[in-house]
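K.L.:
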Amino acid sequence: MSYGNDPFAGLPPAASFTVTSTSVNHGDAFSPAQMSGAFGVPGGEDRSPQLSWSGAPEGTQSYAVTIYDPDAPTQSGFWHWSVANIPADVTSLPEGAGDDDGAGLPKGAYQLRNDGGGARFIGAAPPAGHGPHRYFVTVHALDVADLGVPADASPAFFNFNIASHILGRATLVATAEIPAA
Numbered sequence: 259m260s261y262g263n264d265p266f267a268g269l270p271p272a273a274s275f276t277v278t279s280t281s282v283n284h285g286d287a288f289s290p291a292q293m294s295g296a297f298g299v300p301g302g303e304d305r306s307p308q309l310s311w312s313g314a315p316e317g318t319q320s321y322a323v324t325i326y327d328p329d330a331p332t333q334s335g336f337w338h339w340s341v342a343n344i345p346a347d348v349t350s351l352p353e354g355a356g357d358d359d360g361a362g363l364p365k366g367a368y369q370l371r372n373d374g375g376g377a378r379f380i381g382a383a384p385p386a387g388h389g390p391h392r393y394f395v396t397v398h399a400l401d402v403a404d405l406g407v408p409a410d411a412s413p414a415f416f417n418f419n420i421a422s423h424i425l426g427r428a429t430l431v432a433t434a435e436i437p438a439a
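Numbering-wise (our numbering), the sequence shown opens with residue 259 and increments by one.
As structure tokens, this is what we get:
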């Protein structure tokens with residue numbers, strides 16, 4: 259069975275709802291704020307995008323947020339941000355909520371390790387000349403208030419645990435590309 263390059267192809271279907279951002283529009287390129295200075299992108303700020311969502315399915319008890327690049331030149335893509343246990347009454351995150359201490363996250367929510375190794379948002383940094391990459395910015399509506407996933411879990415383990423609790427999914431796709439030198 260082949261799922262191609264669709265990060266949701268192997269998951270059960272889920273209701274859709276809406277996510278928007280003042281930092282990036284669906285289909286547009288990330289600004290320098292969402293690019294990775296930590297990975298050497300000039301002007302990159304590693305600042306998580308602002309997110310707002312609405313229309314989650316009835317029964318939603320919490321949210322998880324993930325930002326994933328399926329186009330990274332690895333066998334598993336690249337997880338840029340994972341946030342667990344966002345309370346059901348929260349419907350937005352400010353830009354920069356994914357900094358080192360997560361001070362912009364609501365009480366009870368926490369960040370897991372990204373694929374760069376830190377528990378924070380790490381910005382986009384596609385290899386120069388690799389072509390455009392897609393960044394799936396997703397809010398997952400979950401049927402549990404607490405996933406019970408340890409904060410030091412890998413992004414793959416976190417997402418495996420999300421899969422059986424998804425009621426709905428809201429996604430916008432941003433892009434980034436660094437020209438060849």
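Beta carbons are placed, not taken as given, at the ideal position from N, Cα and C, and that holds for glycine. This structure is a prediction, so every number in the text was calculated from the model and none was measured.
Where does Gln333 fall in DSSP's three states?
P.N.:
In this structure, Gln333 counts as coil in the three-state DSSP scheme.
K.L.:
When the Cα of Trp337 is compared with those of Phe418, Ala432 and Gly374, which residue comes out closest?
P.N.:
Cα-wise, what sits closest to Trp337 is Gly374.
K.L.:
Residue range of the alpha helix (DSSP H) that Ile420 falls in?
P.N.:
Per DSSP, Ile420 belongs to the alpha helix (DSSP H) from Pro413 to Ala421.
K.L.:
Do Gly376 and Ser306 count as a contact pair if the criterion is CB distance below 8 Å?
P.N.:
No, the pair does not count as a contact, with Cβ atoms beyond the cut-off.
K.L.:
Let me know if Asn372 comes out buried or exposed under the rule of 16 or more other beta-carbons within 10 Å of its beta-carbon.
P.N.:
So Asn372 counts as buried.
K.L.:
Just to confirm, are Ser263 and Pro328 a CB contact at a threshold of 8 Å?
P.N.:
At residue 263 the sequence reads Asn, which differs from the Ser that was named. Yes, Cβ-Cβ distance for Asn263 and Pro328 is below 8 Å.
K.L.:
Ala272 and Leu400 - do their beta-carbons sit closer together than 8 Å?
P.N.:
Going by C-beta atoms, Leu400 is not nearer than 8 Å to Ala272.
K.L.:
Evaluate Thr332 with the Cβ neighbour count: other Cβ atoms within 10 Å of its Cβ, from every protein chain shown; 16 or more gives buried, anything less gives exposed.
P.N.:
Looking at its Cβ environment, which holds fewer than 16 other Cβ atoms inside 10 Å, Thr332 is exposed.
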